[in-house]
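Take any residue in the sequence shown, count from 1 to its spot, add 540: that is its number in the working numbering.
Shown next, in structure tokens, is the structure this report addresses.
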Amino acid sequence: MFSLAQPQPRFVLVAILLLPITALAQQEESGLPSLWTLENSIERVLDIAPEIKTAEAKVNARQGALRQAGAWPNPTFSVQNDEKLGIEDGSGGNDITQYGFSQPLPLSGRLSYQKAIANEALQGAKAERRYQHLVLEQQTVMRFRQLQLTTANLELAEQRLKLADELQAATLRREQAGELSKLERLRLDLVREEAQQILDKAEGEYSEALSQYRAYLGLPPAVNLTLTPLSPVESVPPLASFEMNLADHPLFVAAQHRISAAQSNVKLAQASRWPDPVLSVFQEEDFLAERRQEFIGIGLSITVPLWDRKSGQRSQSLAEVSEAQSALYSLQRDITSRVKQSYLHLNHLVQQGAHYRIKVFEPARQVLDLTNKAYVSGEVKILSLIDANSTYFNARTRYLELLQLAWVEMAELQLAVGRSTLNTEQEK
Numbered sequence: 541m542f543s544l545a546q547p548q549p550r551f552v553l554v555a556i557l558l559l560p561i562t563a564l565a566q567q568e569e570s571g572l573p574s575l576w577t578l579e580n581s582i583e584r585v586l587d588i589a590p591e592i593k594t595a596e597a598k599v600n601a602r603q604g605a606l607r608q609a610g611a612w613p614n615p616t617f618s619v620q621n622d623e624k625l626g627i628e629d630g631s632g633g634n635d636i637t638q639y640g641f642s643q644p645l646p647l648s649g650r651l652s653y654q655k656a657i658a659n660e661a662l663q664g665a666k667a668e669r670r671y672q673h674l675v676l677e678q679q680t681v682m683r684f685r686q687l688q689l690t691t692a693n694l695e696l697a698e699q700r701l702k703l704a705d706e707l708q709a710a711t712l713r714r715e716q717a718g719e720l721s722k723l724e725r726l727r728l729d730l731v732r733e734e735a736q737q738i739l740d741k742a743e744g745e746y747s748e749a750l751s752q753y754r755a756y757l758g759l760p761p762a763v764n765l766t767l768t769p770l771s772p773v774e775s776v777p778p779l780a781s782f783e784m785n786l787a788d789h790p791l792f793v794a795a796q797h798r799i800s801a802a803q804s805n806v807k808l809a810q811a812s813r814w815p816d817p818v819l820s821v822f823q824e825e826d827f828l829a830e831r832r833q834e835f836i837g838i839g840l841s842i843t844v845p846l847w848d849r850k851s852g853q854r855s856q857s858l859a860e861v862s863e864a865q866s867a868l869y870s871l872q873r874d875i876t877s878r879v880k881q882s883y884l885h886l887n888h889l890v891q892q893g894a895h896y897r898i899k900v901f902e903p904a905r906q907v908l909d910l911t912n913k914a915y916v917s918g919e920v921k922i923l924s925l926i927d928a929n930s931t932y933f934n935a936r937t938r939y940l941e942l943l944q945l946a947w948v949e950m951a952e953l954q955l956a957v958g959r960s961t962l963n964t965e966q967e968k
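Encoded structure:
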């Protein structure tokens, strides 16, 4: 009498029911994929995300700073023009009496420390750029999984309404014959109205998820979306496999480079106590032995730091080293705790999903099938069929939620350990 087919995954997600053929042709010409997986969704986001451009700009800025850090101070050229020679020989007028050249000499090692600081800043920016990639991956997973879930829920709500309609149609004969009680009639009406309300809610959640997914991937409304279906997480690797490369976490790497930069800054502050000596070379013309003569001279000037004006800077640099080290220890503590907590939660969700499917969802489907057959043969009342129907759909809805939560937690764990989500992607 009633049919309960196993829900088939919804592959085609569209913002409108009928998509013009011209829109499909434009999609093919644009090079967009016909099937959207988590992998190509992430690739799309990484191609267009403004956060990536910001991170790239920061890296480029640090590269420029590194090139500048090793540059020598600019030399100084000077020319002196006066009336000295004209007065000496009585000829009058102005003459150039001196050409000068001076060059600061960075002999204290200041340039090497400046380059070390700039290089650490560059490597730190690269690590931060890598972490930004991971954050974008995790955000893409959130939207992708939510769209998968709302799509499956929408399909399930449509099936629920269809069965409610079939149930009402099948009882029409009994109602006309006066065999249907008022209570049964009211329960059927409530079941049908509840199914309609659930469908309306599912359509709204699906539309919101689809809009967020399109916006994050920068997809125009005319693009046809075909997604892979929501599937269970088959297994979770051991915790050791997540923790073995935790030292390479981008946030740890960036923090370690900040420590190294602060240590180099201490050395720079110590080296800067002695200002750079200045080498001077000059050519001068003077009136000697009753005639004009030219001579060349060399000079070296050194500033003697009798009053240390850099002690505050050195103290600040030492404090910055301690601050950077403490920040790293705090980060290691928080991330290590987060990884273990996320791993436990993920395992719990995977085990709960598997247990729920075997102990609740599959039995609920069997109960509905058997109740349907028993109702057709007149062995049970319609209220029993309504209860079985509600139990089945509620069980399947909860099962889908557990699948989605497991994938989201997997993405959280991957971000926590600083690893790409795609490394353990288990979609079929």
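Cβ atoms here follow ideal geometry from the backbone N, Cα and C, with glycine treated the same way.
So residue 758 packs on residue 582, CB below 8 angstroms; how close in whole Å?
On the sequence shown, position 218 is the one that residue 758 refers to. On the sequence shown, position 42 is the one that residue 582 refers to. About 13 angstroms separates the two Cβ atoms, so there is no contact after all.
Output needed for residue 885: all residues of its chain with C-beta closer than 7 angstroms, excluding positions within five of it in sequence on either side, in chain order.
For the purposes of this step, residue 885 is identified with residue 345 of the sequence shown, where counting begins at 1. These residues qualify, in order along the chain: 949.
Residue closest to residue 621, alpha-carbon to alpha-carbon, out of 610, 640, 877
Within the sequence shown, numbered from 1, the residue matching residue 621 stands at position 81. Distance check between residue 621 and each of 610, 640, 877 places 640 closest, using alpha-carbon atoms only.
With distances taken from CA atoms, which of 604, 927, 612, 898 is nearest residue 665?
Mapped onto the sequence shown, residue 665 falls at position 125. Ranking 604, 927, 612, 898 by Cα distance to residue 665 puts 604 first.
Does the pairing of the stretch 773 to 792 with the stretch 802 to 819 give three or more beta-carbon distances under 8 angstroms?
By the Cβ rule, the stretch 773 to 792 does not count as touching the stretch 802 to 819, because fewer than three pairs are nearer than 8 angstroms.
At least 3 beta-carbon pairs within less than 8 angstroms: the stretch 849 to 866 vs the stretch 734 to 751:
Between the stretch 849 to 866 and the stretch 734 to 751 there are fewer than three C-beta pairs closer than 8 angstroms, too few to call the two in contact.
C-alpha gap between residue 543 and residue 699, whole angstroms:
In the sequence shown, the residue the question calls residue 543 occupies position 3. In the sequence shown, the residue the question calls residue 699 occupies position 159. With a pLDDT of only 49 at residue 543, under 50, the local geometry of the prediction cannot be trusted, and the value read off the model is given with reservation. Residue 543 and residue 699: Cα-Cα distance of roughly 10 angstroms.
Is the stretch 789 to 800 in contact with the stretch 828 to 845, if contact means three or more CB pairs nearer than 8 angstroms?
No: the two stretches stay apart, fewer than three of their Cβ pairs being nearer than 8 angstroms.
Tell me whether the beta-carbon of residue 709 lies closer than 8 angstroms to the beta-carbon of residue 731.
As a working note, residue 709 is residue 169 in the sequence shown. As a working note, residue 731 is residue 191 in the sequence shown. Contact flag unset, no.
Status (buried if at least 16 other CB within 10 Å, exposed otherwise) for residue 867:
Working through the sequence shown from its first residue, we reach residue 867 at position 327. So residue 867 ends up on the exposed side.
Going by beta carbon distance, what residues of the same chain come within less than 7 angstroms of residue 524, once the five residues before and after it are set aside?
Lying outside 541 to 968, the shown extent of the chain, residue 524 is not represented and no answer is given.
Return the residue from the list 658, 617, 651, 656 that minimises the CA-CA distance to residue 638.
Walking along the sequence shown from the start, residue 638 turns up at place 98. It is 617 whose Cα lies nearest to the Cα of residue 638.
Of the listed residues 670, 614, 899, nearest to residue 644 (C-alpha basis)
Here residue 644 is taken as the residue at index 104 of the sequence shown, counted from 1. Of 670, 614, 899, the residue nearest in Cα terms is 614.
Please classify residue 898: is it buried, with 16 or more other beta-carbons within 10 angstroms of its beta-carbon, or exposed?
As a position in the sequence shown, residue 898 is number 358, starting the count at 1. By the neighbour-count rule (16 or more Cβ atoms within 10 Å), residue 898 is not buried but exposed.
Contact between the stretch 592 to 610 and the stretch 573 to 580: three or more CB pairs below 8 angstroms?
The stretch 592 to 610 makes no contact with the stretch 573 to 580: fewer than 3 CB pairs, one atom from each, lie closer than 8 angstroms.
With DSSP as the reference, label residue 816 as helix, strand or coil.
Taking the sequence shown and counting its residues from 1, one reaches residue 816 at position 276. Here residue 816 carries a coil assignment [DSSP, helix/strand/coil].
Pull up the CB-CB distance for residue 957 and residue 879, whole angstroms please, since I reckon it's below 8 angstroms.
Indexing the sequence shown from 1 puts residue 957 at position 417. Indexing the sequence shown from 1 puts residue 879 at position 339. Yes, residue 957 and residue 879 are in contact; Cβ-Cβ is about 6 angstroms, under 8 angstroms.
Have a look at residue 743 and residue 686 and give me their C-alpha separation to the nearest angstrom.
Along the sequence shown, read from residue 1 onward, the residue named residue 743 stands at position 203. Along the sequence shown, read from residue 1 onward, the residue named residue 686 stands at position 146. The alpha-carbon separation between residue 743 and residue 686 amounts to approximately 13 angstroms.
Which parts of the stretch 779 to 808 are runs of the alpha helix (DSSP H), unbroken and 4 residues or longer, counting only runs that do not cross its ends?
The stretch 779 to 808 contains these whole alpha helix (DSSP H) runs: 779 to 783.
Beta-carbon within less than 8 angstroms of residue 962's beta-carbon, same chain only, minus the 5 sequence neighbours each way: which residues are those?
Stepping through the sequence shown from its first residue, residue 962 is reached at position 422. 578, 579, 582, 677, listed in sequence order.
Cβ neighbours of residue 598 in the same chain (closer than 6 angstroms, five flanking residues each side left out):
As a first step, residue 598 is located in the sequence shown; it is residue number 58 there, counting from the start. Closer than 6 angstroms at Cβ, skipping near neighbours: 665.
Under the three-state DSSP convention, the category residue 851 falls into
For this step, residue 851 is matched to residue 311 along the sequence shown. Here DSSP, grouped into helix, strand and coil, assigns residue 851 to helix.
Check this for me: beta carbons of residue 661 and residue 801, under 8 angstroms apart or not?
Position 121 of the sequence shown holds residue 661. Position 261 of the sequence shown holds residue 801. At the C-beta level, residue 661 and residue 801 come within 8 angstroms of one another.
So is residue 623 buried or exposed if we call it buried at 16+ other beta carbons inside 10 Å?
Against the sequence shown, residue 623 aligns to sequence position 83. It counts as exposed.
When we look at the beta-carbon of residue 706 and count the other beta-carbons within 10 Å, is it buried (16 or more) or exposed?
Here residue 706 refers to the residue found at position 166 of the sequence shown. The residue in question, residue 706, is exposed, as its Cβ has fewer than 16 Cβ neighbours within 10 Å.
Completely contained alpha helix (DSSP H) runs for the stretch 569 to 650, where each covers 4 or more residues:
With a minimum length of 4 residues, the continuous alpha helix (DSSP H) runs that stay inside the stretch 569 to 650 are 578 to 588, 590 to 609, 624 to 629.
Please state if the CB of residue 779 and the CB of residue 883 are separated by a distance shorter than 8 angstroms.
By one-based count along the sequence shown, residue 883 stands at place 343. By one-based count along the sequence shown, residue 779 stands at place 239. The Cβ atoms of residue 883 and residue 779 sit closer than 8 angstroms to each other.
Less than 6 angstroms between C-beta atoms, sequence neighbours within five positions excluded: which residues of the same chain meet that for residue 834?
Counting from 1 along the sequence shown, the entry for residue 834 is found at position 294. Correct list, in chain order: 825.
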